[in-house]
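Numbering (our numbering), first residue to last: -13 to 536.
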RNA sequence: GGCCCGUUGGUCAAGCGGUUAAGACAUCGCCCUUUCACGGCGGAGACAUGGGUUCGAUUCCCGUACGGGUCACCA
């Protein structure tokens, strides 16, 4: 029995790799075009780190005139989650990340280099495993989990490097006849890569993000085909990225330490490895310590979290882009109206160590983005958001769209637009006082500021209502009248006057208008009171003022 | 523990042999002749640490500490 014999025994009906090498032609792309991919496992919804990675992958492919594709890595049946592919595609779509190839919805794939789902590529992997078997670079291993545990324990005791390698790799030296015998007897086995690496030698790797990295050569005989017949990640990566002509593998840096292995596998086939770029992990702070954002513990790990909060996708994207290339912020300031696509992204400008995900900063980015939307756009976004997360709000807005838009239009569209909405979930609270049911059902315990004596307040409001209020006044007129009112009641007409002679007055025009503001909105911090009153309209105003005139 | 990688203000970060060590978020103060927000101006706040190399190190080298990653028939 020789290598070829074992190969044929294990895979009698498998094609030669030359078939696939023929089938998948080189891509005909212009010089420098990058072929990149996002390759998640369908184990649930997209992780913020996954989004980060796909934004970068997409960007690089796009700006070089290349291809970005979506490949599903579903070789672990145990962890698979139903409908996850659809979820992934849709999440990416929300962020405007549309793959050029691969899955474009839950089940449809496009492109000439598929299938783009690993579970559908079984025969391909087998062909490549068979090839390795034939050339003596792989072998069947019959060790059970118990055997492996046993080996590990012995290694721990003798302080040897753990793993399946060298003298510990007993199946590596098994006579082929014996292996054939076991296979014929139906014994379970996996296929391992026969590593020729020597950890005393170093391999140098130039990572597009991390720069020069040196590792000992890999000497582990890792499993390439599991006993269920599916490949491990490492092996699938080699075969898929080779066949799909990936030029740049841009992935999380948890993979950095497998680079020696991957390069070795490419070499075993005589394939040219792609370029690698390893992205630093997104971290969060907890109890003063940094740690990886975890899907299980942290709600913000899930991309859906931002959706629920009503943070626009554009904001999340721009924030992430800023973490990736910190010059993005400056570019954005210089080009407030340009599309993200025009920003020139550079891998080598990425930070090598993990950044803390700063939600406060994200909200600031979001605030700025929202401030540029028109009232109509805001209305539409809020309707979209609330139809999923706040139905009563949706009904309220739709009941009187015109009124809602007037509210959103307050201090908007100016050179210095108001920036008080950071996320759609802020909106309800933000506009509540513009609606009577909220207003009258809200708390009655609200503070007037400087002027807080009930009788004085009553006097001011009554006089205002009877003598100085006219909904048809323009802004200047309106304010002049409040000044007149202030003067009539003995308050300073101008703030400056008051500051000059603070002893002469009890309060100033600002304090008087605060009384009106609080009476009309039950809060101190509101946008321009004149605009608010214009939107509220005469009836609502009179009714609210009347509360104080009894 | 082995092997990798990293450590510039509270956070994200530029700088990479000679700089008053940028900028943004957050924070504080003042101003914008009504609050808040916006905007403007200003303040406070940093090169983990010990050794080298050098005329000179935040920048280069070595060690230490701390942080992260990885060592599966998971990806």
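All C-beta atoms in this analysis are idealised placements derived from N, C-alpha and C, irrespective of residue type, glycine included.
What you are looking at is a predicted structure, and each value in this text was computed from that prediction instead of being measured.
query	result
Contacting residues, own chain, Cβ-Cβ under 6 Å from residue 398 (five flanking each side not counted)	361
Selection from 366, 441, 447 that minimises the alpha carbon distance to residue 413	366
Contact belief for residue 257 with residue 228 at Cβ below 8 Å, rounded distance in angstroms	5 Å
As assigned by DSSP and simplified to three states, the class of residue 73	helix
Where residue 103 sits in the DSSP three-state scheme	strand
Helix, strand or coil at residue 201 [DSSP, three-state]	strand
Bridge partner(s) assigned by DSSP for residue 291	None, per the DSSP bridge assignment.
Boundaries (first-last residue) of the beta strand (DSSP E) holding residue 193	188 to 193
Separation of residue 331 from residue 203, as counted between CA atoms	32 Å
Through-space distance from residue 198 to residue 129, alpha-carbon basis	37 Å
First and last residue of the uninterrupted beta strand (DSSP E) at residue 263	261 to 265
Residue 369 beta carbon less than 9 Å from that of residue 394	no
Cβ-Cβ separation, residue 33 to residue 287 (assumed contact under 8 Å), whole Å	6 Å
Local conformation of residue 538 per DSSP, three classes	For residue 538 there is no data in the structure shown, the boundaries of the chain being -13 and 536.
Residue burial classification, residue 55 (beta-carbon count within 10 angstroms, cutoff 16)	buried
Span separating the alpha-carbon of residue 196 from that of residue 236	11 Å
Pairwise C-alpha distance: residue 124 and residue 115	8 Å
Test item: CB-CB of residue 226 and residue 65 under 9 Å	no
Identity of the residues DSSP links to residue 510 by a beta bridge	Residue 510 pairs with nothing; no bridge assigned.
Within 9 Å, strictly: CB atoms of residue 233 and residue 261	yes
Cβ neighbours of residue 254 in the same chain (closer than 6 Å, five flanking residues each side left out)	123
Contact under 9 Å by Cβ, residue 289 with residue 105	no
Where residue 128 falls: helix, strand or coil (DSSP)	coil
9 Å Cβ cutoff met for residue 444 and residue 534	yes
Cross-strand partners of residue 277 (DSSP beta bridge)	270
Expected contact under 8 Å - CB spacing of residue 193 and residue 113 to nearest Å	In fact, because the Cβ distance is near 30 Å, the residues do not count as touching under 8 Å.
Residue 491, DSSP secondary structure in three states	coil
Environment of residue 182 [buried if 16+ CB atoms lie within 10 Å]	exposed
Cβ-Cβ separation, residue 72 to residue 92 (assumed contact under 8 Å), whole Å	3 Å
Beta-carbon proximity of residue 410 to residue 250, cut-off 9 Å	no
For residue 85: DSSP bridge partner residues	For residue 85, which the question treats as bridged, DSSP gives no partner whatsoever.
4 or more residues per run - each alpha helix (DSSP H) lying fully within the segment 392 to 453	413 to 417, 422 to 427, 440 to 449
Cβ neighbours of residue 446 in the same chain (closer than 8 Å, five flanking residues each side left out)	437, 471, 475, 498, 501, 502
Outcome for residue 206 when other beta-carbon atoms lying within 10 angstroms are tallied against a minimum of 16	buried
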